[in-house]
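*Asks:* Here it is: the structure, laid out below.
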Amino acid sequence: MEAVPPLYRVAGTAGPQGDEDRLGVPDGPGAPLDELVGAYPNYNEEEEERRYYRRKRLGVLKNVLAASAGGMLTYGVYLGLLQMQLILHYDETYREVKYGNMGLPDIDSKMLMGINVTPIAALLYTPVLIRFFGTKWMMFLAVGIYALFVSTNYWERYYTLVPSAVALGMAIVPLWASMGNYITRMAQKYYEYSHYKERDEQGPQQRPPRGSHAPYLLVFQTIFYSFFHLSFACAQLPMIYFLNHYLYDLNHTLYNVQSCGTDSQGILLGFNKTVLRTLPRSGNLIVVESVLMAVAFLAMLLVLGLCGAAYRPTEEIDLRSVGWGNIFQLPFKHVRDFRLRHLVPFFIYSGFEVLFACTGLGLGYGVCSVGLERLAYLLVAYSLGASASSILGLLGLWLPRQVPLVGGAGVHLLLTLGLFFWAPAPRVLRHIWILYVAAVLWGVGSALNKTGLSTLLGILYEDKERQDFIFTIYHWWQAVAIFVVYLGSSLPMKAKLAVLLLTLVAATASYLWMEQKLRRGVVPRQPRIPRPQHKVRGYRYLEEENSDESDAEGVHGGGSGGGLGDCVEEEAPPAGPRPGPEPAGLCRRPCPYEQALGGDGPEEE
0 MEAVPPLYRV AGTAGPQGDE DRLGVPDGPG APLDELVGAY PNYNEEEEER
50 RYYRRKRLGV LKNVLAASAG GMLTYGVYLG LLQMQLILHY DETYREVKYG
100 NMGLPDIDSK MLMGINVTPI AALLYTPVLI RFFGTKWMMF LAVGIYALFV
150 STNYWERYYT LVPSAVALGM AIVPLWASMG NYITRMAQKY YEYSHYKERD
200 EQGPQQRPPR GSHAPYLLVF QTIFYSFFHL SFACAQLPMI YFLNHYLYDL
250 NHTLYNVQSC GTDSQGILLG FNKTVLRTLP RSGNLIVVES VLMAVAFLAM
300 LLVLGLCGAA YRPTEEIDLR SVGWGNIFQL PFKHVRDFRL RHLVPFFIYS
350 GFEVLFACTG LGLGYGVCSV GLERLAYLLV AYSLGASASS ILGLLGLWLP
400 RQVPLVGGAG VHLLLTLGLF FWAPAPRVLR HIWILYVAAV LWGVGSALNK
450 TGLSTLLGIL YEDKERQDFI FTIYHWWQAV AIFVVYLGSS LPMKAKLAVL
500 LLTLVAATAS YLWMEQKLRR GVVPRQPRIP RPQHKVRGYR YLEEENSDES
550 DAEGVHGGGS GGGLGDCVEE EAPPAGPRPG PEPAGLCRRP CPYEQALGGD
600 GPEEE
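My numbering numbers the first residue of the sequence shown as 0 and each following residue consecutively.
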């Protein structure tokens with residue numbers, strides 16, 4: 000029989016063409032080693048590098064979209080559940096039939112108190128939590144607390160609703176501060192991955208030019224707030240597809256309402272105590288709450304599975320290693336910066352205007368005149384207007400950065416003046432188109448306000464060592480404003496509009512004054528970020544390169560790092576005995592033994 004040739008060539012044997020393959024390289028034991036283990040002959044290092052950084056940029060875009068979608072679903076579920084819960088608990092028949100004398104109104108008031116009062120203390124613990132858990136894990140834990148609040152509505156009792164509301168209040172500022180910090184970091188990383196060649200030429204420790212990441216930051220904040228404002232529309236889905244089928248029409252609910260709009264007092268004075276035509280079945284309520292719980296769980300999975308880390312592990316260690324006492328104090332020390340002091344009125348107004356869109360415009364003008372069954376559609380109009388108008392924030396790519404922020408303030412100023420003199424008649428639908436136009440225009444101003452403020456903070460404070468402090472201060476002032484609105488909910492509408500108008504004018508004037516100071520060259524006073532103090536554990540600090548050095552340490556003799564500057568590493572000396580003692584001025588990293596003793600190297604005796 001004729002021998003069948005082997006399917007695979009045997010190592011060391013000659014091929015069908017003899018001792019040389021098709022490339023002319025000798026095969027078998029005499030083949031040169033470099034040809035066997037060397038680099039692939041068609042390897043293009045530049046092309047592989049380009050593909051690598053392209054994957055990195057796509058990963059950053061994935062992170063931004065996942066964080067934006069997670070924030071939208073989380074806030075949408077929270078608002079939708081809270082709105083449906085408050086409407087059901089408001090109805091007298093529902094309370095008496097379902098809960099008897101359990102005191103549901105008292106539970107609701109304490110629950111709202113927990114949500115609105117607890118964030119006042121957030122400035123004390125938010126930076127510590129963000130530094131301890133890290134930005135991504137803080138986002139995940141906060142979204143989990145929102146999901147916990149949703150789950151407690153399966154069994155509505157004092158000991159479930161009130162503690163979960165307090166926990167939710169504690170998570171509000173950490174969630175949105177870490178979200179703002181995360182989007183800003185993604186813009187900086189996208190710039191690094193897009194300009195990797197320039198970074199290689201300048202050196203890994205060289206900071207990029209100031210403001211270089213601003214275009215990417217503007218685009219990413221636009222994406223984030225386009226998703227965020229859609230959460231108000233998502234929150235209305237339970238109303239539109241479920242609760243609206245059980246509501247009385249406006250002739251019943253508004254029968255005793257005498258005045259609306261600017262003539263109204265408090266929230267819906269004279270509104271009927273029974274708003275439900277028929278009571279929803281418990282099984283249907285459980286189905287709706289289960290859908291909301293599933294969406295909250297999906298938001299957790301988005302943040303956990305698709306959001307990458309905001310910092311490298313060594314950067315996270317550096318951020319924690321400045322000392323927990325310093326982390327606690329630094330938000331208060333940033334009050335020295337005149338830029339933050341000038342922006343505080345805008346922070347407060349940012350909280351005022353969101354609450355006014357939901358309670359003032361939605362309830363005092365909308366529900367009071369056209370009925371509770373149209374509240375969802377008014378808020379959907381506000382949501383879609385704000386989401387679509389977030390794209391107007393991209394005007395900052397071509398116009399001065401003051402234009403979007405002041406433009407949004409101008410839209411709100413005109414609307415507030417118009418609402419100050421308008422009192423729609425109850426139970427009249429002729430003017431409903433005015434309400435929809437006002438809701439859309441208010442959404443335009445909200446979008447320009449939120450996008451402009453977050454982008455401005457990311458541009459003014461580029462240092463990664465202080466971004467979480469800045470966004471904590473921003474969202475803490477928003478929480479303070481929401482608390483003030485909660486306290487003043489019983490004020491007349493004219494008083495609310497007057498406070499809103501004065502805050503808006505003061506915020507715009509203060510912001511323009513800050514920009515004038517910056518144009519004059521006034522240098523802001525920023526607190527020094529202490530140098531990280533690492534503990535020696537394991538072999539991490541036996542490496543040749545200083546991979547744990549923060550960007551602030553790379554500025555020689557200054558910057559926010561304090562201590563030693565960026566030392567250019569010397570070439571390794573040849574093997575053998577050293578010709579003499581090491582010069583005292585030579586800058587090198589201390590060995591682990593010297594670090595354990597607390598020294599800074601050989602120059603410290």
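We put the beta carbon where it would ideally sit given N, CA and C, even for glycine. Since we're looking at a predicted model, the values are computed, not measured.
Looking only at C-alpha atoms, which of Pro214, Lys493 and Glu95 sits nearest to Leu275?
*Replies:* Taking only the C-alpha atoms, the option nearest Leu275 is Glu95.
*Asks:* Quick check: the Cα distance between Gln401 and Leu511, rounded to an integer number of angstroms?
*Replies:* When rounded, the distance between both Cα atoms is 8 Å.
*Asks:* Run the CB neighbour count on Trp606, radius 10 Å, all protein chains shown included, and call it buried at 16 or more, exposed below.
*Replies:* As shown, the chain starts at 0 and ends at 604. That puts residue 606 outside it, with no answer to give.
*Asks:* Leu354 and Ile182 - do their beta-carbons sit closer together than 8 Å?
*Replies:* No.
*Asks:* Taking Tyr254 and Arg56 to be in contact with their CB atoms under 8 Å, please state how far apart those CB atoms are, rounded to whole angstroms.
*Replies:* No, Tyr254 and Arg56 are not in contact; Cβ-Cβ is about 60 Å, not under 8 Å.
*Asks:* With a threshold of 16 other CB atoms inside 10 Å of the CB of Lys495, please say whether the residue is buried or exposed.
*Replies:* With 16 or more Cβ atoms within 10 Å of its Cβ, Lys495 is classed as buried.
*Asks:* Output the boundary residues of the alpha helix (DSSP H) element that contains Ile614.
*Replies:* The requested residue 614 is not part of the displayed model; the chain covers only 0 to 604.
*Asks:* Go ahead and label Val256 buried or exposed: buried means 16 or more other beta carbons lie within 10 angstroms of its beta carbon, across all protein chains shown.
*Replies:* Buried, since its Cβ has 16 or more Cβ neighbours within 10 Å.
*Asks:* What's the gap between the Cα of Asp336 and the Cα of Pro526?
*Replies:* Between Asp336 and Pro526, the C-alpha separation is close to 8 Å.
*Asks:* Determine whether the beta carbon atoms of Val302 and Phe139 lie at a separation below 8 Å.
*Replies:* Yes, the Cβ-Cβ distance between Val302 and Phe139 is below 8 Å.
*Asks:* Determine the closest residue to Trp323 out of Arg130, Tyr310 and Lys196, with distance taken between C-alpha atoms.
*Replies:* Trp323 has its Cα closest to that of Arg130, out of Arg130, Tyr310 and Lys196.
*Asks:* Give me the Cα-Cα distance between Tyr145 and Ser177, rounded to the nearest whole angstrom.
*Replies:* In a straight line, the C-alpha of Tyr145 is about 15 Å away from that of Ser177.
*Asks:* Taking C-alpha atoms, which residue in Thr277, Val172 and Thr151 lies nearest to Thr117?
*Replies:* Taking only the C-alpha atoms, the option nearest Thr117 is Val172.
*Asks:* Kindly list the residues whose CB is nearer than 6 Å to the CB of Leu87, restricted to its own chain and excluding five residues on each side of it in sequence; keep chain order.
*Replies:* Only Tyr93 meet the Cβ criterion.
*Asks:* Tell me the residue span of the alpha helix (DSSP H) that contains Ala66.
*Replies:* Run containing Ala66: Glu44 to Tyr89, per the alpha helix (DSSP H) assignment.
*Asks:* Drop a sphere of 10 angstroms on the beta-carbon of Pro208, count the other beta-carbons inside from all chains shown, and report buried for 16 or more, exposed for fewer.
*Replies:* It counts as exposed.
*Asks:* Where does Leu275 fall in DSSP's three states?
*Replies:* The answer is strand: DSSP assigns Leu275 an E or B state.
*Asks:* Would the segment 418-425 and the segment 335-350 be scored as touching if the rule is three or more Cβ pairs under 8 Å?
*Replies:* Verdict: no, contact absent.
*Asks:* Here's the rule I'm using: 16 or more other beta-carbon atoms within 10 Å means buried, otherwise exposed. How should Asp550 be labelled?
*Replies:* Unreliable positioning characterises Asp550 in this predicted model, as indicated by a pLDDT of 48, which lies under 50. The coordinate reading is nonetheless provided below. By the 10 Å Cβ count, Asp550 comes out buried.
*Asks:* In whole angstroms, what is the alpha-carbon distance linking Leu391 and Ser349?
*Replies:* Going by the C-alpha atoms only, they are around 18 Å apart.
*Asks:* What first and last residue would you give for the alpha helix (DSSP H) that runs through Leu253?
*Replies:* Run containing Leu253: none; DSSP gives neither H nor E here.
*Asks:* Give me the Cα-Cα distance between Lys325 and Pro529, rounded to the nearest whole angstrom.
*Replies:* What sits at residue 325 in the sequence shown is Asn, not Lys. Cα-Cα distance, rounded: 8 Å.
*Asks:* Alpha carbon to alpha carbon, how far is Glu48 from Arg54? Give it in angstroms, no decimals.
*Replies:* Computed Cα separation, rounded: 10 Å.
*Asks:* Let me know if Ala234 comes out buried or exposed under the rule of 16 or more other beta-carbons within 10 Å of its beta-carbon.
*Replies:* Label assigned to Ala234: buried.
*Asks:* How many Å lie between Val436 and Phe345 at the Cα?
*Replies:* Their Cα atoms are separated by approximately 24 Å.
*Asks:* Using only CA atoms, which one of Lys463, Asp462 and Val379 lies nearest to Ser230?
*Replies:* Comparing Cα-Cα distances from Ser230 to each of Lys463, Asp462 and Val379, the minimum goes to Val379.
*Asks:* Could you check the C-alpha separation between Gly370 and Ser281 for me, to the nearest Å?
*Replies:* Their Cα atoms are separated by approximately 25 Å.
*Asks:* Measure the C-alpha to C-alpha separation of Ala141 and Thr159 and round it to an integer number of angstroms.
*Replies:* Computed Cα separation, rounded: 18 Å.
*Asks:* Give the single residue among His228, Phe351, Phe132 and Glu314 whose Cα lies nearest to the Cα of Leu486.
*Replies:* Residue Phe351 is the option with its Cα nearest to Leu486.
*Asks:* With a threshold of 16 other CB atoms inside 10 Å of the CB of Tyr240, please say whether the residue is buried or exposed.
*Replies:* It is exposed - the Cβ of Tyr240 has fewer than 16 other Cβ atoms within 10 Å.
*Asks:* Could you tell me if Thr277 is buried or exposed, where buried requires 16 or more neighbouring beta carbons within 10 angstroms of its beta carbon?
*Replies:* Answer is exposed; the Cβ neighbour count stays below 16.
*Asks:* Going by the CB atoms, is the gap between Pro403 and Thr450 shorter than 8 Å?
*Replies:* Yes.
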